[in-house]
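Engineer:
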Amino acid sequence: MFGLSSYEIEALSLSLKISIWAVVSGLIPGIAIAYLLARKNFPGKLLIDGLVHIPLVIPPVVTGYVLLITFNDNAPAGKFLIDIFGSGIAFSWKGAVLASVIMSFPLLVRSVRLSIEAVDRGLEEASKTLGASWFRVFFTITLPLSIPGIITGTVLAFARCLGEFGATITFVSNIPGETSTLPLALYTLTQTPGTESAAFRLCLISIALALVAIAGSEYFSRKAGARLRGDNA
Amino acid sequence: MLEFRAIKEHTNFRLDASFVCNKGMVTALFGKSGSGKTSIINMIAGLQKPDVGRIAVGERLLFDSYQNINIPTQKRNAGYIFQDGRLFPHMSVESNLRYGFKGQKNEMFQEIIELLGIEDLLERRPHKLSGGEKQRVAIGRALLTSPDFLLMDEPLSALDSARKQELIPFIGRMVEKFKMPVVYVTHSLDELLALGDNAVLMSNGSCIESGSVEEVVSNPANMEHLGLTGRVSVLKAVAVDQHNSSGIISLVDGKLMIPTRQYKTGTKLRVTLRSEDVTISIKKPEGLSARNIIKGKVTKMEQTTDGAIGIKIDIGVNVYATITSEAVSDLHIENGSEVFIILKTVALSRRSTATIRQ
Chain A
523 MFGLSSYEIE
533 ALSLSLKISI
543 WAVVSGLIPG
553 IAIAYLLARK
563 NFPGKLLIDG
573 LVHIPLVIPP
583 VVTGYVLLIT
593 FNDNAPAGKF
603 LIDIFGSGIA
613 FSWKGAVLAS
623 VIMSFPLLVR
633 SVRLSIEAVD
643 RGLEEASKTL
653 GASWFRVFFT
663 ITLPLSIPGI
673 ITGTVLAFAR
683 CLGEFGATIT
693 FVSNIPGETS
703 TLPLALYTLT
713 QTPGTESAAF
723 RLCLISIALA
733 LVAIAGSEYF
743 SRKAGARLRG
753 DNA
Chain B
6 MLEFRAIKEH
16 TNFRLDASFV
26 CNKGMVTALF
36 GKSGSGKTSI
46 INMIAGLQKP
56 DVGRIAVGER
66 LLFDSYQNIN
76 IPTQKRNAGY
86 IFQDGRLFPH
96 MSVESNLRYG
106 FKGQKNEMFQ
116 EIIELLGIED
126 LLERRPHKLS
136 GGEKQRVAIG
146 RALLTSPDFL
156 LMDEPLSALD
166 SARKQELIPF
176 IGRMVEKFKM
186 PVVYVTHSLD
196 ELLALGDNAV
206 LMSNGSCIES
216 GSVEEVVSNP
226 ANMEHLGLTG
236 RVSVLKAVAV
246 DQHNSSGIIS
256 LVDGKLMIPT
266 RQYKTGTKLR
276 VTLRSEDVTI
286 SIKKPEGLSA
296 RNIIKGKVTK
306 MEQTTDGAIG
316 IKIDIGVNVY
326 ATITSEAVSD
336 LHIENGSEVF
346 IILKTVALSR
356 RSTATIRQ
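Protein sequences, first through last, are from chains A and B. Count the first sequence with our numbering and you get residues 523 to 755, in order. Count the second sequence with our numbering and you get residues 6 to 363, in order.
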């Protein structure tokens, strides 16, 4: 395919698999936390806000290292996972998913939170006066009106997952076919003499993926925005 | 019946109000912005919580701080019509209308959309509606939940005066038809006169006065709060046939019978008489073109701020007149004097009438 070697295809599909898993598993908790931060006041709100955003400001290697000491097969949490699921997540693609979720979470939460905050609370009040339960208010008013932000957040998070490097390589290492995602494979190529053209191709693939993701996000979030405003786009 | 009594402390504002609103009656909360009107209906709807108080509709307690009862908004069965409509922008008009629709029968749905004249708007999105259409849809949406009471927060204030005149009859018809307590927040005297049965005058978070619209608006003490520059008398009136009544205004059961072609015979009207337009005579005048002369008794006289004399005359209902102090001494008018008041029929029916809901 497009003259790509099996090594490159493997890296690309692994990257897509890990990023999709990360975005899918992060979406619901992300929306839930964004809603809590946007709409509720509770003790410890600042702490949760801080914890969500930490991966954005500390070196990714630190995040990866913390994950490694928490989830390695001999740590209590790692052992717990082995007991429940039969296998741990360190040095496996599942670990890479976890690292991606954590690294992309702040971008997702931030974007969703902003769009929930922008939803007119007056509409939520109106919905309540019409007899709607909290559940119905959320699913018929708050959530649909936040869709543009959710799309943007999802795509940003997806792009962040595709580019994830530091936490991943620290936590799950660089194992071809298991954890060697695009950036990791590219890194390996740059360290190997005589692979410049392969490295260049992976570079182009990364750029293309990112562009498609951003353009797609723009398109869908505009379309969703127009739908919400009622323009027949 | 809707009963409201509540106190709520804010940092620089204290709301302390109570009133009662009967079934099929419109109680208008009237006051300047910031006087606490909207807070009150938000408390009735459960969107705000009083510090202390009791709110009940009929037998049903919605809030009672002593018994620790606070029914959540969605269970209060309120019909709330917001100032800005608050239609859901991502839904069609029909989805908006059906959002809280509890009746299983489609006849009710049909009936209400016909009453409000919104049959042709169902497919549209709210942003494609005019201001008046939006408010009619908002009214329909609230009515379709079969509410126990209606709360209207300045529903006409975002509209221009032509749209207002267009919407007032809709609201009137609706109140007449659905016979529930209606609390109507407004700062417009026109709306108060056109739609209110009772008025609660609000200022700085407290009720200054409450009573029938006629009483509250006619009371000279309320002039400033109502934004009136002179004294007025607001009287109940009924349109009568011009020919049968030979064009003469009469007073029957405390209501002025007004011969007019402008309104159908039997239409309930409310007449606002400016006190400067009322002429007083101590003898029954003859040979006047004004044919409406009503006998009454002076019950109160007082100096107005600009030096004239404000006179309250009981003709079966209270009417206010303002005349100069020279005229008072020339005519020897004093408390208890028998006088005749002269009203010009034409003047009355042309400029001072407002239809109240029929």
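Note that beta-carbon positions come from the ideal geometry of N, C-alpha and C, so glycine has one too. None of these values were measured; they are calculated from a predicted model.
1) My guess is that aspartate 153 of chain B and asparagine 82 of chain B are in contact by the Cβ rule of under 8 Å, so how many angstroms apart are they, rounded?
2) Which same chain residues end up closer than 8 Å to tyrosine 709 of chain A when comparing Cβ atoms and leaving out the 5 residues on each side of it in sequence?
3) Tell whether a beta-carbon distance below 9 Å holds between valine 243 of chain B and serine 223 of chain B.
4) Between which two residues does the beta strand (DSSP E) holding leucine 155 of chain B run?
5) By a C-beta neighbour count over all protein chains shown, 10 Å radius and 16 as the cutoff for buried, is tryptophan 656 of chain A buried or exposed?
6) Excluding sequence positions up to five away, which residues of its chain have a Cβ less than 8 Å from the Cβ of valine 218 of chain B?
7) Along chain B, in chain order, which residues have C-beta atoms closer than 9 Å to that of leucine 750 of chain A?
8) What separation, rounded to the nearest whole angstrom, lies between the Cα atoms of alanine 143 of chain B and serine 334 of chain B?
9) DSSP beta-bridge partners for alanine 61 of chain B?
10) My assumption, with CB atoms under 8 Å, is that threonine 664 of chain A sits in contact with leucine 536 of chain A. Please give the rounded CB distance.
11) Count the other C-beta atoms from every protein chain shown that fall within 10 angstroms of the C-beta of valine 546 of chain A, then say buried if there are 16 or more, exposed otherwise.
12) Could you give the distance in angstroms between the alpha-carbon of asparagine 209 of chain B and the alpha-carbon of serine 23 of chain B?
13) Is the CB-CB distance between proline 186 of chain B and glycine 29 of chain B below 9 Å?
14) Anyone know if the C-beta pair for leucine 678 of chain A and serine 728 of chain A falls short of 9 Å?
15) Please report how far the alpha carbon of proline 174 of chain B lies from the alpha carbon of arginine 146 of chain B, in whole angstroms.
16) Contact check, threonine 150 of chain B vs glycine 644 of chain A under 8 Å by CB: the rounded distance?
17) Once DSSP output is grouped into helix, strand and coil, what is the label at valine 205 of chain B?
18) Using the C-alpha atoms, what's the distance from glutamate 740 of chain A back to alanine 732 of chain A?
19) Please classify threonine 309 of chain B: does DSSP put it in a helix, a strand, or coil?
20) Listing by chain order, which chain A residues have their CB less than 7 Å from the CB of glycine 145 of chain B?
21) From the DSSP output, in three-state form, read off glutamate 686 of chain A for me.
22) Establish whether the CB of leucine 630 of chain A and some CB of chain B are separated by less than 9 Å.
23) Flag leucine 261 of chain B as yes if its beta-carbon sits less than 9 Å from any beta-carbon of chain A, otherwise no.
24) Going straight from the alpha carbon of phenylalanine 283 of chain B to that of alanine 163 of chain B, what length do you get?
25) On the DSSP bridge list, what partners appear for phenylalanine 345 of chain B?
26) Can you find a C-beta in chain B that's less than 9 Å from the C-beta of lysine 650 of chain A?
27) When DSSP builds the beta bridges, which residues end up paired with isoleucine 263 of chain B?
28) Give the interface partners of serine 739 of chain A over in chain B, defined as CB-CB distance under 8 Å, in chain order.
29) Curious, which full-length alpha helix (DSSP H) runs of at least 4 residues does the segment 598–668 of chain A contain?
30) Check each candidate in B:Phe114, B:Glu8, B:Ile213, B:Gln88 and name the one with the smallest Cα separation from glutamate 64 of chain B.
31) Look up phenylalanine 24 of chain B in the DSSP assignment and give the residues it is bridged to.
32) Mind checking alanine 730 of chain A: buried by the 16 CB within 10 Å criterion, or exposed?
33) Residues in the same chain with beta-carbon distance under 6 Å from isoleucine 213 of chain B, minus the five sequence neighbours each way, listed in chain order, please.
34) Give the single residue among B:Ala167, B:Gly315, B:Tyr189 whose Cα lies nearest to the Cα of glycine 177 of chain B.
35) Would you verify that the beta carbon of alanine 554 of chain A is, or is not, closer than 9 Å to some beta carbon of chain B?
36) What does proline 670 of chain A reach in chain B if we use C-beta pairs closer than 7 Å?
Structural biologist: The relevant details are as follows:
1) In this structure aspartate 153 of chain B is in contact with asparagine 82 of chain B, their Cβ atoms being roughly 5 Å apart against a cut-off of 8 Å.
2) Excluding residues up to 5 positions away in sequence, Phe687, Ile691, Asn696 lie with their Cβ nearer than 8 Å to the Cβ of tyrosine 709 of chain A in the same chain.
3) 9 Å or more divides the Cβ of valine 243 of chain B from the Cβ of serine 223 of chain B.
4) It spans 154–158 - the beta strand (DSSP E) in which leucine 155 of chain B sits, taken as one unbroken run.
5) Burial call: exposed.
6) When the five nearest sequence neighbours on each side are left out, the beta carbons in the same chain lying within less than 8 Å of the beta carbon of valine 218 of chain B are those of Ala33, Leu197, Leu198, Gly201, Asp202, Asn203, Ala204, Val239, Arg275, in order along the chain.
7) Ordered by position in chain B, the residues that pass the 9 Å Cβ test against leucine 750 of chain A are Pro94, His95.
8) Alanine 143 of chain B and serine 334 of chain B: Cα-Cα distance of roughly 57 Å.
9) When beta bridges are read from the DSSP output, alanine 61 of chain B appears opposite B:Glu8, B:Leu66.
10) Between leucine 536 of chain A and threonine 664 of chain A the Cβ distance is about 36 Å, and since that is not below 8 Å, they are no contact.
11) By the C-beta density criterion, valine 546 of chain A is exposed, having fewer than 16 other C-beta atoms within 10 angstroms.
12) So the two alpha carbons sit approximately 14 Å from each other.
13) The Cβ atoms of proline 186 of chain B and glycine 29 of chain B sit closer than 9 Å to each other.
14) Contact check for leucine 678 of chain A against serine 728 of chain A fails: the beta carbons are separated by 9 Å or more.
15) Per the coordinates, the alpha-carbon of proline 174 of chain B lies some 18 Å from the alpha-carbon of arginine 146 of chain B.
16) In fact, because the Cβ distance is near 17 Å, the residues do not count as touching under 8 Å.
17) If DSSP states are grouped into helix, strand and coil, valine 205 of chain B belongs with the strands.
18) In a straight line, the C-alpha of alanine 732 of chain A is about 12 Å away from that of glutamate 740 of chain A.
19) Coil at threonine 309 of chain B, not helix or strand.
20) Those within 7 Å of glycine 145 of chain B in chain A number zero; the least Cβ separation is about 12 Å.
21) DSSP places glutamate 686 of chain A outside both helix and strand once states are collapsed to three, so it counts as coil.
22) Not one chain B Cβ lies under 9 Å of leucine 630 of chain A.
23) The beta carbon of leucine 261 of chain B does not come within 9 Å of any beta carbon belonging to chain A, so the residue lies off that interface.
24) The question names phenylalanine, but residue 283 of chain B is valine in the sequence shown. In this model, valine 283 of chain B and alanine 163 of chain B are separated by some 35 Å (Cα to Cα).
25) Its beta-bridge partners are B:Ser286, B:Lys300.
26) Judged by the 9 Å Cβ criterion, lysine 650 of chain A is in contact with chain B.
27) Answer by DSSP bridge pairing, in chain order: B:Ala244.
28) Per Cβ cutoff of 8 Å: no residues; serine 739 of chain A is ~20 Å from chain B at best.
29) Counting only runs of 4 or more, we get 598–607, 615–639, 643–651, 656–659.
30) Of all alpha-carbon atoms in B:Phe114, B:Glu8, B:Ile213, B:Gln88, the one lying nearest the alpha-carbon of glutamate 64 of chain B is that of B:Glu8.
31) DSSP output for phenylalanine 24 of chain B lists B:Phe9 as bridge partner(s).
32) Answer is exposed; the Cβ neighbour count stays below 16.
33) Short of 6 Å from the beta carbon of isoleucine 213 of chain B, and not among the five residues preceding or following it, lie these beta carbons of its own chain, in chain order: Leu206.
34) Nearest C-alpha to glycine 177 of chain B: B:Tyr189.
35) Using a CB distance cut-off of 9 Å, alanine 554 of chain A does not count as an interface residue toward chain B.
36) Those within 7 Å of proline 670 of chain A in chain B number zero; the least Cβ separation is about 11 Å.
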